[in-house]
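Taking it in order: structure first as structure tokens, then the write-up.
Residue numbers (the working numbering): 3 to 341.
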């Protein structure tokens, strides 16, 4: 009760506070199911119909698969593309948050492109709508469209995250030519499509982007600072073949290395089907290493959040913020993330 006698007691933290670096990797998917209506999607989720496209977050990929599977069965639909996408992610044994931004597919392809772009734009509101914001964004079956690829790039640059797009080409040369329109550290381009045994017991070709997103998320959660590791040269579960044969000969000039040197992520057959590549197309070679880009993003974000506490505070408190940032950098250096 000393305060009653003119003595004021205050409690302060006179030491550096630990700074937490983001370790989760939510995957954002822009997708549709032919025949599904906005009303059906909202009703299944327990919401009344709204004017905006549905966007929902699921605690893990199994919950997302259950939702999509139920929607397909209840509406007697025949489009399993979104379910296959989720299955490709699930096969990599990741447990990250899945955010699905739905759009309604129509007969006119131009309307579908516009719908996909609108669904991608909804990711800007994802934190407000779902409580989560994506760290990776994919739009399987649609990202090969130039307009959608540009939208993903713009979105990722604004949110400072990574997008994975699929190249539609008939051979390695065509795929390399398509890279003429790429110059960004925010996108990973993939080629060719991968073959899987789908949930209906049939072999089918699917875009590579869901596999790559899952491999990145898996690498992120593998160790404490997993985001500093590359997803390249890792065995991918569930792949039984590729749409176009990619020649790989260790130490020799081959299709796989040509694709890799042109910043295209591909799949090779060498002691299992493996990811091969992982570079961005940025003009600055420093930012062509995706792991470096994502490490810088997360360290910068952690530093910004810590610095926010110093705004409008006394100069003495700035000192402890400075200590906190320095301690974070020392921890990263000790973990071999920084040198």
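Positions of the beta carbon are idealized from the N, C-alpha and C atoms, including for glycine.
Does DSSP put residue i in a helix, a strand or coil?
i: residue 205; result: strand
i: residue 129; result: helix
i: residue 138; result: strand
i: residue 109; result: coil
i: residue 337; result: coil
i: residue 313; result: coil
i: residue 17; result: Note that residue 17 scores 45 on pLDDT, short of 50, meaning its location in the model is unreliable; the coordinates nonetheless yield the value given after this. Coil, per DSSP.
i: residue 276; result: strand
i: residue 10; result: Interpretation of residue 10 is limited by its pLDDT of 45, a score under 50 that renders its predicted location unreliable; the figure taken from the coordinates is listed afterwards. Residue 10: coil per DSSP, three-state reduction.
i: residue 332; result: helix
i: residue 250; result: coil
Quick one: is residue i near chain C, going by C-beta distance under 7 angstroms?
i: residue 59; result: Annotation note: the requested chain C is absent from the structure, which comprises a single protein chain.
Cα-Cα, which of the options is closest to residue i?
i: residue 34; options: 63, 102 and 91; result: 102
i: residue 340; options: 296, 246 and 312; result: 296
i: residue 56; options: 214, 284, 311 and 47; result: 47
i: residue 43; options: 250, 106 and 198; result: 106
i: residue 244; options: 206, 230 and 260; result: 206
i: residue 109; options: 134, 37 and 92; result: 37
i: residue 149; options: 64, 128, 179 and 183; result: 183
i: residue 180; options: 289, 121 and 171; result: 171
Compute the distance between the beta-carbons of residue i and residue j, then report whether it is under 7 angstroms.
i: residue 168; j: residue 192; result: yes
i: residue 239; j: residue 276; result: no
i: residue 130; j: residue 194; result: no
i: residue 219; j: residue 98; result: yes
i: residue 327; j: residue 302; result: no
i: residue 293; j: residue 201; result: no
i: residue 29; j: residue 100; result: yes
i: residue 198; j: residue 166; result: no
i: residue 196; j: residue 119; result: no
Could you please give me the residues that DSSP links to residue i through a beta bridge?
i: residue 192; result: 168 and 267
i: residue 237; result: 276
i: residue 154; result: Note: residue 154 sits in no beta bridge, so no partner.
i: residue 243; result: 197
Quiz item: With a cut-off of 8 angstroms, do at least 3 Cβ pairs link the stretch 104 to 116 to the stretch 132 to 139?
Solution: no
Quiz prompt | Cβ contact (3+ pairs, closer than 8 angstroms) linking the stretch 206 to 219 and the stretch 267 to 282 | solution = yes
Quiz item: Is there contact here, the stretch 153 to 163 with the stretch 171 to 182, by at least three beta-carbon pairs under 8 angstroms?
Solution: no
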